[in-house]
Structure formats: C-alpha cells, structure tokens
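There are 2 protein chains.
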Amino acid sequence: MAPPIVRLGLIGCGTVGSAFAEQLLAREPLLARRLGARLHLARVAVRDTRRQRLVPRTALTDDAAEIACDPDIDVVVEASGAPYAADWLRTALGRGASVVTASKQAVARTPALLERLVRRDQRLWCEGAVAAGVPVVRALRESLAGEEVQSIRGVLNGTSTFLLTRLEAGATFEAALADARALGYTEADPSADLDGTDAAAKIAILCTVAWRTPVLVDHVSVTGINGILPFAREGGWRLVATAVRDGDRVRATVAPERLLPNDPLASAHGVVNVVEVRASLAGALTWSGAGAGGAATASALVGDTLSAARQALRRLRARVAA
Amino acid sequence: MAPPIVRLGLIGCGTVGSAFAEQLLAREPLLARRLGARLHLARVAVRDTRRQRLVPRTALTDDAAEIACDPDIDVVVEASGAPYAADWLRTALGRGASVVTASKQAVARTPALLERLVRRDQRLWCEGAVAAGVPVVRALRESLAGEEVQSIRGVLNGTSTFLLTRLEAGATFEAALADARALGYTEADPSADLDGTDAAAKIAILCTVAWRTPVLVDHVSVTGINGILPFAREGGWRLVATAVRDGDRVRATVAPERLLPNDPLASAHGVVNVVEVRASLAGALTWSGAGAGGAATASALVGDTLSAARQALRRLRARVAA
C-alpha cells in the first residue's frame with residue numbers, strides 16, 4: 004500500500020518561506036520515514052509567480068487566499084508576515100485544515116487565534132512566531148502544561164539588542180542602524196523593532212500559552228528603546244519583555260532595562276534571544292538561541308509542520324475509517 | 004456524561020515520587036480541565052506500606068510488579084530509580100500501557116526501551132531522566148524532529164559541578180562531599196556521579212532521541228572527575244558530556260573539561276544543568292535549569308504524564324468505538 008500523503012500549502016516564499024521549502028524538499032525521504040507519510044509541497048503562494056522558485060510553475064499562485072481555501076491542502080504553512088495573514092489562517096482553520104505560522108502580529112492581534120492557543124488546539128502551531136527556532140512555545144504548551152508558570156522574561160527582539168550593543172561599543176545610532184540593515188537584521192521600516200511592538204506580540208503569545216488566557220498585543224504595556232538611546236553607551240541595556248500573573252490577570256510589559264551582568268538575559272547579543280521562565284516545580288528555566296533569520300525560523304516551521312501533519316494524518320485516517 | 008478517567012500507577016514514592024503525587028492531587032481539577040479527563044492516582048508502590056502516604060492505604064502496595072501488570076492501570080509513572088525498573092517498564096509497555104520514567108539507567112541500559120525512543124513511541128516518555136525539568140528531551144523529540152542535529156554538549160551531573168565549584172572555592176574534597184550529602188545533592192554512594200556513569204546514561208538518551216539510533220550507556224566513553232581533582236582549584240572544570248554524529252555512528256564521551264569563561268556550559272553551577280544543541284537550521288540552542296531535585300524532576304513527570312495520558316485516552320476512546 005502506498006504511504007498516505009499530507010498536502011502542504013506554503014504562503015510566502017521570502018527568506019523564511021524559501022528556507023522552509025528547501026529543507027522540506029531536501030529532506031523529503033527522511034521526513035516521510037519519520038512521519039510515516041509523504042509531505043508533499045503542493046502549492047506555494049508568492050508575490051511574483053514569474054520568478055523561478057523551488058516548485059513547478061503550476062504549483063505557484065499569487066493569491067494566498069486560494070491556498071487558504073483549497074480543500075486539497077491539509078496543512079497551511081504561513082511565512083508571509085503579511086498584515087492580513089490572520090484572515091488566511093482563520094479561513095484555513097475554518098475549513099478544517101491545520102495551520103503553522105510564523106506571523107506573530109497575526110496571532111497576537113486575533114482573539115480567535117489566541118483562543119485556539121488557550122485550548123491547545125492541535126491544528127494551530129506558532130513556534131516560529133516567537134524567538135524563531137528556540138523551542139519555548141512548545142515547552143510552555145506541553146512540557147509545562149501541568150505546571151504553574153510564575154513569570155516569563157525575555158529579550159525577544161534581536162534588532163534592538165543589536166543596536167543597543169553597537170551603541171554601547173561607541174557607534175552612532177545612524178551607523179548602527181545602517182549596519183543592522185546591511186546584515187538583514189531589520190526591516191526597511193524598523194519602527195516595530197524600536198518601539199517594542201514586535202516584542203509585545205511575542206510576549207503576548209507566550210502569556211496566552213503559559214496562562215491559558217488570551218492576551219492581545221494591545222494589552223501589553225509597551226515602551227520602546229528611543230528614550231534610552233542617549234544612555235545606551237553606559238552598557239547593559241536591553242529591550243526586555245516581562246510577564247507575571249497577578250490573580251486572574253496577566254500583567255505584561257515591554258521596556259528597556261539596564262541589566263546586571265549576572266542576569267541570564269544579559270547574555271543576549273546580536274540576534275540571540277534569551278527567555279527565562281519560572282515555574283512552581285521546575286524553578287528557573289532558560290532558553291537561548293537565534294531569534295531571527297530565515298534558517299532559524301524555518302527550523303520552527305519544520306518542527307511544527309511535523310506536528311500539524313501528524314494531526315492531519317489522524318483526520319485523514321478517521322475519514323477513511325468512517 | 005461523566006468525563007473519562009485515566010488511571011495512574013506510581014512506582015516509587017521517595018523525594019521525586021511524592022513531589023509528583025502531591026502536584027497531581029493538588030491540581031487535580033485543573034489537570035482534568037486541561038486533559039478533558041480525570042487523572043486518578045489509583046495505585047502507588049512504596050517500600051513500606053505502613054508509613055502514611057498521600058493516597059488511601061488500599062491504594063498502596065510494596066510490590067511494584069503488581070502495578071506494572073495491573074490491566075486497570077493506563078499509565079505507569081516510574082520514579083523509583085531502582086536497578087530493575089527496566090523490567091517493570093517493559094512489562095507495562097508489553098501489556099499496552101503507557102509509561103513515564105525518570106530512571107536514566109533503566110532506559111540507557113535497555114535496548115528495547117531505546118528502540119522505542121528511536122521510533123518516538125508515544126507510549127514511552129522520559130523527560131525526567133535527563134536534566135530533570137529542563138525540557139530538552141521533548142525539544143529533540145518534537146521541535147527538532149525535522150532537523151539535522153549536529154552536536155550535543157551538556158553539563159548533566161549536578162553533583163560533580165557542585166563538588167568542582169566547592170573545590171575551586173578552596174574546600175577539601177571531604178568537606179565538599181559532606182556538604183553535597185548534607186544538601187541532598189548526592190546519594191549515599193556518590194560513585195555514579197563521580198565516575199561519570201550518571202552523565203553517560205543521560206547523554207546516551209539524548210543521542211538516541213536526537214539521532215534515532217539506539218546508543219547504550221556502555222557505548223559512551225567515560226572518564227570521571229577523580230583524575231582532575233588535584234587541579235580543580237585552577238577553576239573552570241566541569242564534567243562535560245559531548246556527542247557528535249560521525250557518518251553513521253554516534254561518538255559520545257563524558258570527561259572533565261576546563262571550560263573557557265565564555266562557554267555557555269561554564270555557567271553551570273550547583274544543580275543547574277546546561278545543554279547546548281547545534282542543529283543545521285536552528286543553529287546553537289542552549290537550555291539551563293535545575294537538573295536534580297524532587298520538584299524539578301516531578302515537573303518533567305507531570306508534563307510527560309499529560310502527554311502519556313492523552314495517548315492513553317485515544318486508546319480508551321478507540322476501544323469504546325470498536
């Protein structure tokens with residue numbers, strides 16, 4: 004009997020999406036063995052279908068909504084970062100597909116998606132939305148699922164870390180920003196990095212998973228790094244996201260902090276994110292690793308895609324059995 | 004309709020087992036909501052059934068094999084650390100139950116158990132066997148499942164870290180060992196900690212999960228800390244477990260290393276374990292947290308028990324449907 008096939012649709016084929024697609028195609032036989040099913044990249048939504056990509060032309064579309072709606076796509080992998088990504092995710096989930104996303108703002112601004120995280124919906128996976136390949140979402144979701152999380156702290160925005168450490172080393176803000184752009188560490192418009200809304204979306208997602216209550220990005224109190232730029236040369240400044248549970252409420256903030264040298268968060272440098280979670284039994288747990296970049300984010304998408312595909316396989320088998 | 008019940012049997016009710024049982028009983032309603040089923044601690048195997056414990060007398064037995072064989076127990080949680088724990092685990096798995104264990108030697112010495120880890124058997128969970136509550140086994144098993152792991156390094160034995168840092172601070176070996184005993188950091192017989200066999204079992208499990216090939220503890224090349232004790236005062240020494248893939252083979256070693264101050268592993272202190280995994284896409288990922296202690300190990304057991312219970316529930320539902 005031929006192995007079953009799980010059909011994937013990829014939305015967005017920029018740095019992250021193409022790193023994901025390359026990994027998937029390069030390791031197809033191995034992933035098939037691990038899953039017990041073939042993972043077939045059936046459709047890819049790109050901005051310009053005329054540019055040569057990794058899949059046959061016929062698999063390409065410039066309309067992401069087509070993939071979200073396509074009943075033959077079992078798992079939608081969304082790596083576009085587009086502001087309307089939330090609509091595609093909701094459409095795909097609404098028709099029964101599984102969804103893997105790296106779009107933090109789409110998740111953290113959409114109550115319906117946060118609600119799915121609250122109930123650990125096996126059809127929504129978003130490791131890549133927070134700290135790229137650092138597996139902290141899954142740890143909160145599964146490893147610490149029976150635990151009481153007490154607090155979360157993290158340096159979750161690599162761009163601001165990069166800028167602050169460059170300023171600390173004596174660079175001007177203009178030179179530091181130019182370096183960040185040249186290294187691909189920031190968008191053309193770096194405002195979401197500098198004003199803290201990027202980190203706010205990430206801590207909102209971590210809070211939602213840890214405390215099983217939806218925390219929208221708008222509920223995070225946010226202060227960007229602009230105000231402390233004149234003091235950055237003092238050293239030790241990082242943009243820190245903090246969250247604690249306060250009775251039935253979650254208090255989450257993003258603000259610049261001057262860290263003591265022995266603070267685990269002070270080891271964040273360049274694109275390296277650091278997250279510290281305190282839980283009642285496990286005590287203080289710390290993760291660190293690259294929190295940005297195509298490959299690191301693709302790592303999270305691949306891991307989540309295997310989990311989503313496993314769930315999709317159960318659906319496919321139940322359908323066959325029925 | 005009453006919610007379904009998943010029946011647990013606990014083997015071993017020492018420091019770890021009792022911390023697990025306490026958490027389970029204290030958070031029963033919450034865990035039931037999270038799981039969609041009641042987790043009922045139906046039986047507990049203890050050394051002395053006359054001592055007052057957390058469950059009714061009738062639930063106690065002094066024969067662990069009874070729990071392993073009991074067809075009414077859906078999930079066996081093993082926290083005895085007993086040398087023959089492997090037999091109970093195999094018996095329970097053999098009759099179709101799920102198993103959660105914290106016994107590193109039982110897993111790392113038993114090919115049949117390592118084979119189950121290789122194929123990601125959803126009925127065998129062993130997070131607590133490595134670095135206690137630091138969720139690195141699950142990360143290798145699930146988050147990095149589609150990735151190529153390149154290397155693993157870890158400071159995985161808290162006792163040797165404690166002794167080495169005490170010697171570094173000027174203590175004599177006898178005084179350091181007495182402190183470790185007084186703080187509950189080591190067994191009456193500390194030889195497995197000092198000679199490296201404890202760390203060897205842990206790295207064997209990590210290798211097995213990361214590279215999906217069974218690595219027995221006997222295949223790990225081991226050097227304990229005895230030989231470097233005279234130099235410990237130089238500072239920076241840790242007992243380091245290292246593993247790389249070399250073609251089709253896995254090379255794993257445990258040996259004392261003098262670490263550079265900026266090595267992530269050098270931040271291991273007291274019972275804090277540090278693990279660094281390098282993967283092709285994610286790059287270098289680091290975890291740290293308490294690698295020993297009743298509460299930290301119980302954290303891993305609770306997380307794994309929820310996963311094992313989810314799998315058990317699927318079995319129970321399939322049985323009802325059939």
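Protein sequence lines, in the order shown, are assigned to chains G and V.
Whatever position you read off the first sequence (first residue = 1), add 3 for my numbering.
Whatever position you read off the second sequence (first residue = 1), add 3 for my numbering.
For every residue, glycine included, the Cβ atom is placed at its ideal position computed from N, Cα and C.
Listing by chain order, which chain G residues have their CB less than 7 Å from the CB of residue i?
i: Leu34/V; result: Gly149
i: Gly292/V; result: Ala285, Gly286, Ala287, Leu288, Thr289
i: Val137/V; result: Leu288
I believe residue i touches residue j by the beta-carbon criterion, under 8 Å. Please report the beta-carbon distance rounded to the nearest angstrom.
i: Ala100/V; j: Val78/V; result: 7 Å
i: Val158/G; j: Ala29/G; result: Not a contact, Cβ separation roughly 32 Å.
i: Leu11/G; j: Val121/G; result: Incorrect: roughly 26 Å between the Cβ atoms, too far for contact.
i: Val278/V; j: Val49/V; result: Not really, about 32 Å apart at Cβ, beyond 8 Å.
i: Leu209/G; j: Ile155/G; result: 5 Å
i: Val280/V; j: Val137/V; result: Contact doesn't hold; Cβ gap of about 12 Å is too wide.
i: Gln26/G; j: Leu288/V; result: The pair is not a contact, with the Cβ atoms about 16 Å apart (cut-off 8 Å).
i: Leu92/G; j: Thr104/G; result: 6 Å
i: Ala67/G; j: Ile8/G; result: With a Cβ gap of about 22 Å, Ala67/G and Ile8/G do not count as contacting.
i: Val183/G; j: Phe165/G; result: Correcting the residue identity first, residue 183/G is Ala in this sequence and not Val. Correct: roughly 5 Å between the Cβ atoms.
Check the Cβ of residue i against every Cβ in chain G and list those closer than 8 Å, keeping chain order.
i: Leu309/V; result: Glu145, Ala148, Gly149
i: Gly306/V; result: Glu145, Ser146, Leu147, Ala148, Gly149, Glu150
i: Ala142/V; result: Pro138, Arg141, Ala142
With DSSP as the reference, label residue i as helix, strand or coil.
i: Asn276/G; result: strand
i: Arg249/G; result: Position check: residue 249/G holds Asp in this sequence, whereas Arg was assumed. In the structure shown, Asp249/G sits in a strand (DSSP, three-state: E or B).
i: Glu190/V; result: coil
i: Arg156/G; result: strand
i: Pro3/G; result: The first residue shown for chain G is 4 and the last is 325, placing residue 3/G beyond what the model contains.
i: Val110/V; result: helix
i: Pro267/G; result: helix
i: Ser329/V; result: The shown model of chain V, from 4 to 325, leaves out residue 329/V, and the question about it has no answer.
i: Leu13/G; result: strand
i: Thr64/V; result: strand
i: Leu2/V; result: In this structure chain V extends from 4 to 325, so residue 2/V is not present and cannot be described.
i: Pro259/V; result: strand
i: Glu150/V; result: coil
i: Val225/V; result: strand
i: Leu38/V; result: helix
i: Val121/G; result: helix
i: Val139/G; result: helix
i: Arg243/G; result: In the sequence on display, residue 243/G carries Val and not Arg. Val243/G: strand per DSSP, three-state reduction.
i: Arg126/G; result: coil
i: Arg93/V; result: helix
i: Arg254/V; result: strand
Identify the contact partners of residue i in chain V, using a Cβ-Cβ distance below 8 Å as the criterion.
i: Glu130/G; result: Ser146
i: Gln153/G; result: Ordered by position in chain V, no residue passes the 8 Å Cβ test against Gln153/G, which lies about 12 Å from the chain.
i: Ala301/G; result: Leu284
i: Arg320/G; result: Ordered by position in chain V, no residue passes the 8 Å Cβ test against Arg320/G, which lies about 11 Å from the chain.
Which residues in chain G sit within 9 Å of residue i, going by Cβ to Cβ distance?
i: Ala207/V; result: Here the premise fails: no neighbours, minimum Cβ distance about 21 Å.
i: Ala298/V; result: Ser283, Leu284, Ala285, Gly286
i: Gln314/V; result: Going along chain G, no residue has its Cβ under 9 Å from Gln314/V, so there is no contact; the nearest lies around 12 Å.
i: Arg348/V; result: Outside the modelled stretch of chain V, which goes from 4 to 325, sits residue 348/V, for which no answer is possible.
i: Gln384/V; result: In the structure displayed, chain V extends from 4 to 325; residue 384/V sits before or after that span and is not available.
i: Arg236/V; result: Those do not exist, as Arg236/V stays about 22 Å from chain G at its closest Cβ, beyond 9 Å.
For residue i, report the span of its alpha helix (DSSP H) as first-last.
i: Arg184/G; result: 176-185
i: Ala287/G; result: Per DSSP, Ala287/G belongs to no alpha helix (DSSP H); it is in the beta strand (DSSP E), 286-293.
i: Val305/V; result: 297-324
i: Ala207/V; result: 200-214
i: Val19/V; result: 18-29
i: Arg169/G; result: 161-171
Mind checking which residues open and close the beta strand (DSSP E) that includes residue i?
i: Ser101/V; result: 101-104
i: Leu42/G; result: 41-48
i: Glu81/G; result: 78-81
What does residue i reach in chain V if we use C-beta pairs closer than 7 Å?
i: Ala82/G; result: Correct list: empty, because the minimum Cβ distance to chain V is about 13 Å.
Would you mind telling me which residues of chain V sit closer than 9 Å to residue i, beta carbon to beta carbon, in chain order?
i: Arg37/G; result: Arg123, Ala148, Gly149, Arg215
i: Arg261/G; result: In chain order: nothing, as chain V lies at least about 21 Å away.
Please confirm if residue i has its CB atom under 9 Å from at least one CB of chain A.
i: Pro7/V; result: Within the model displayed, chain A is absent; protein chains G and V are what it includes.
Say whether the stretch 13-23 of chain V touches the stretch 280-298 of chain V, bearing in mind that this needs 3 or more beta-carbon pairs closer than 8 Å, one atom from each stretch. A contact exists between the stretch 13-23 of chain V and the stretch 280-298 of chain V.
With contact counted as at least three CB pairs below 8 Å, one residue from each stretch, are the stretch 118-131 of chain V and the stretch 308-325 of chain V in contact? The count of Cβ pairs closer than 8 Å, one atom from the stretch 118-131 of chain V and one from the stretch 308-325 of chain V, reaches three, so the stretches are in contact.
Would you call the stretch 182-190 of chain G and the stretch 215-230 of chain G in contact, with 3 or more CB pairs under 8 Å? Because the criterion of three Cβ pairs below 8 Å is not met, the stretch 182-190 of chain G and the stretch 215-230 of chain G do not touch.
Would you check if the stretch 250-262 of chain V and the stretch 131-151 of chain V touch, i.e. whether three or more CB-CB distances between them fall below 8 Å? Result no; under three Cβ-Cβ pairs closer than 8 Å.
Segment contact flag, the stretch 240-256 of chain G with the stretch 194-208 of chain G, C-beta cutoff 8 Å, min 3 pairs: Cβ pair count under 8 Å is three or more, so yes.
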